[in-house]
Amino acid sequence: MSSEGSWKIGEIHFPLSEAFKISIESIRKRFVRAAITTAAVILGIAFLNSLMMMSAINSVVYKQAATPAYQWWLLFISLLVCGVGITNSMLIAVAERYKEIGTMKCLGALDRHILLMFLNESIVIGALGGILGYIFGVIAAVIYAFVSIKNPASIVGVAFTQPSQIIPGLSVLPSFLSLLILSITLAVFLSMAATLYPAYYAAKLKPAEALRYEV
Amino acid sequence: MRYEYTVETEDLAKYYYMGKYVIKALDGINLKIRRGEYVSIMGPSGSGKTTLFNMIGGLDRPTRGKVYIDEVDISKLDAYELAWLRARKIGYIFQTFNLIPVLTALENVMLPMIFVGTPREQRIKKATELLSAVGLGDRLHHKPGELSGGQQQRVAIARALANDPAIVLADEPTGNLDLHTGLEIINLLRTLNKEKGVTIVTATHDLKMIDVSDRIIYLRDGKIDRIETRAEVTVEL
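The listed protein sequences derive, respectively, from chains U and Y. So the first sequence is numbered by our numbering: it starts at 11 and just counts up by one. So the second sequence is numbered by our numbering: it starts at 26 and just counts up by one.
Have a look at this one:
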């Protein structure tokens with residue numbers, strides 16, 4: 011008997027593709043909750059887009075460029091609420107899966123693999139929410155244009171294709187494209203940031219404690 | 026290299042501190058389990074069975090004492106090394122089966138092989154073989170929700186064997202199964218133990234387990250009460 015290792019510790023693998031597959035399956039399995047989380051992202055991003063588009067339309071019609079400061083505040087608050095919603099929903103997702111996390115650790119998963127699985131889920135939810143939020147936001151802006159201004163089709167055409175000043179680096183692109191990029195980036199970032207704490211909590215769970223937990 | 030003792034514990038203790046009180050879940054356990062043995066740990070609830078299971082399985086750290094798996098002191102390992110040990114050296118079977126619900130039977134058995142880096146073709150081949158060996162060759166693509174309790178436990182057994190572990194730890198493997206299915210699972214474990222030479226340690230209070238065990242270790246209040254070999258038990262009966 012020796013206290014030194016007489017066998018060698020090897021490497022642990024967990025390819026991104028496998029983590030991603032499990033994340034997608036988890037979202038499908040718990041579709042309703044994932045859908046509610048995505049709805050939170052959609053609402054925030056749709057609000058952002060409708061606001062941006064409406065102010066672009068207004069700038070064409072009334073030659074008024076700036077978005078009023080209180081609207082930025084509204085936007086900020088709505089994104090914050092959306093982030094809190096995602097965090098809450100992810101915390102529940104973690105609690106639901108204590109046993110699964112404990113089992114994964116028994117099979118050889120490292121903390122970072124657990125983190126990866128949850129962050130993957132948040133990226134999928136974020137990207138989906140970003141795209142759908144963009145679509146709904148644009149629809150809302152178009153409806154606004156058709157309801158409230160004359161000659162809406164051409165105005166909307168001009169407003170959507172003129173370069174946007176919102177994001178300095180993307181000002182060469184027409185605003186509908188730069189807004190799409192902004193929406194997806196912001197949604198993924200927001201979703202990941204909101205998931206970070208729940209995912210970290212899940213990753214740090216001790217296997218013995220995670221297994222003891224009865225749902 | 027072969028090791029005589031797969032598991033060895035030296036003065037193993039685990040205390041839980043609850044305010045002023047100290048709960049001695051394990052208190053000075055000395056144990057040697059030989060390669061290829063089938064050992065049952067018995068005792069009433071709260072006797073420390075699961076704590077001992079967690080210590081041997083590298084799931085929790087002891088307050089005092091040492092645990093050797095294949096002659097390596099696992100209380101000295103860091104998180105990465107422990108994870109590798111769990112993946113490669115130990116197979117776990119739980120009372121509640123603990124399959125990953127979103128994965129099929131085949132994928133569940135393949136999961137431990139992903140962690141040790143087995144190539145995909147080999148994973149599929151090995152997992153298929155194992156599932157056939159436990160009698161689920163025709164249920165490869167079913168998810169746990171589509172399987173009965175006994176079938177789920179068979180998948181869990183196949184998963185525990187995926188990386189040819191030095192030891193299979195089973196915590197109340199028959200606790201959630203009816204008498205008949207429980208007996209089937211016990212016989213399956215015994216067959217695997219005899220045919221493949223897998224070392225099996227079960228924590229249980231299922232008396233059916235006595236018939237198949239080489240040794241029975243009785244725990245009481247975190248200490249070894251007595252150890253019986255099968256011959257002695259048969260004499261008593």
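We put the beta carbon where it would ideally sit given N, CA and C, even for glycine. For clarity, every value in this text was computed on a predicted model and none was experimentally measured.
Going along chain Y in order, which residues have a C-beta closer than 7 Å to the C-beta of residue i?
| i | result |
| --- | --- |
| U:T113 | N123, I125 |
| U:I133 | In chain order: nothing, as chain Y lies at least about 17 Å away. |
| U:W17 | D95, V97 |
| U:K214 | Those within 7 Å of U:K214 in chain Y number zero; the least Cβ separation is about 10 Å. |
List, in order along the chain, the chain U residues whose C-beta lies closer than 9 Å to that of residue i?
| i | result |
| --- | --- |
| Y:E253 | Chain U residues near Y:E253: none, gap ~25 Å exceeds 9 Å. |
I think residue i touches residue j, with their Cβ atoms under 8 Å apart; what is that distance to the nearest whole Å?
| i | j | result |
| --- | --- | --- |
| Y:Y42 | Y:A50 | About 11 Å separates the two Cβ atoms, so there is no contact after all. |
| U:G118 | Y:V134 | That belief does not hold up - the Cβ atoms of U:G118 and Y:V134 are roughly 14 Å apart, past 8 Å. |
| U:I32 | Y:V127 | 7 Å |
| Y:S70 | Y:I235 | Not a contact, Cβ separation roughly 18 Å. |
| U:G139 | U:V51 | 3 Å |
| Y:D231 | Y:T199 | 5 Å |
| U:S201 | U:G136 | 3 Å |
| Y:N79 | U:A218 | 5 Å |
Would you check if the distance between the CB atom of residue i and the CB atom of residue j is smaller than 8 Å?
| i | j | result |
| --- | --- | --- |
| U:V104 | U:P173 | no |
| U:V152 | U:V166 | yes |
| Y:S238 | Y:Y93 | no |
| U:L125 | U:A44 | no |
| Y:L202 | Y:V193 | no |
| U:Y210 | U:Y108 | no |
| Y:D95 | Y:A191 | yes |
| U:I55 | U:S193 | yes |
| Y:L155 | Y:A130 | no |
| Y:G160 | Y:T206 | no |
| Y:K74 | Y:A228 | yes |
| Y:V226 | Y:I81 | yes |
| Y:I211 | Y:K233 | yes |
| U:T48 | U:A204 | no |
Go ahead and pull the three-state DSSP assignment for residue i.
| i | result |
| --- | --- |
| U:V182 | coil |
| Y:R86 | coil |
| Y:K57 | strand |
| Y:I118 | strand |
| Y:D246 | coil |
| Y:K39 | strand |
| Y:L172 | coil |
| Y:D270 | For residue 270 of chain Y there is no data in the structure shown, the boundaries of chain Y being 26 and 262. |
| U:T77 | coil |
| Y:A187 | coil |
| Y:L262 | Low confidence applies to Y:L262: its pLDDT is 45, below 50, so where it sits in the model is not reliable enough to give any reading. |
| Y:Y93 | strand |
| Y:T216 | helix |
| U:K18 | coil |
| Y:S65 | strand |
| U:L58 | helix |
| Y:V33 | The sequence given here has Glu at residue 33 of chain Y, not Val. Here Y:E33 sits in strand by DSSP. |
So residue i contacts chain U; which residues on that side make the cut at Cβ distance below 7 Å?
| i | result |
| --- | --- |
| Y:Y117 | C116 |
Quick one: which chain Y residues come within Cβ less than 8 Å of residue i?
| i | result |
| --- | --- |
| U:K109 | T121, N123 |
| U:S36 | V127 |
| U:A218 | N79, L84, D85 |
Could you tell me which chain Y residues have their CB closer than 9 Å to the CB of residue i, listed as they occur along the chain?
| i | result |
| --- | --- |
| U:F24 | I139, F140 |
Which residues in chain U sit within 8 Å of residue i, going by Cβ to Cβ distance?
| i | result |
| --- | --- |
| Y:Y105 | I19, I22, L120 |
| Y:R113 | G20, G118 |
| Y:A108 | I22, K115, G118, A119, L120 |
Discussion item. Please identify, using Cβ separations under 7 Å, the residues of the segment 65-79 of chain Y that lie next to chain U, in order along the chain.
Written reply: N79
Worksheet item: If you measure beta-carbon to beta-carbon, which residues of the segment 186-198 of chain Y are closer than 7 Å to chain U?
Response: none
Worksheet item: If you measure beta-carbon to beta-carbon, which residues of the segment 126-145 of chain Y are closer than 8 Å to chain U?
Response: P126, V127, L128, L136, P137, I139, F140, V141, G142
Fill in: Members of the segment 45-65 of chain Y near chain U, C-beta cut-off 7 Å
none
Discussion item. Residues of the segment 169-196 of chain U in Cβ contact with chain Y at a cutoff of 8 Å, in chain order, please.
Written reply: none
Worksheet item: Residues in the segment 79-109 of chain U with C-beta within 7 Å of chain Y's C-beta atoms, listed in sequence order?
Response: K109
Worksheet entry | Interface residues of the segment 31-55 of chain U facing chain Y [CB-CB below 8 Å] | I32, E35, S36, R38, K39
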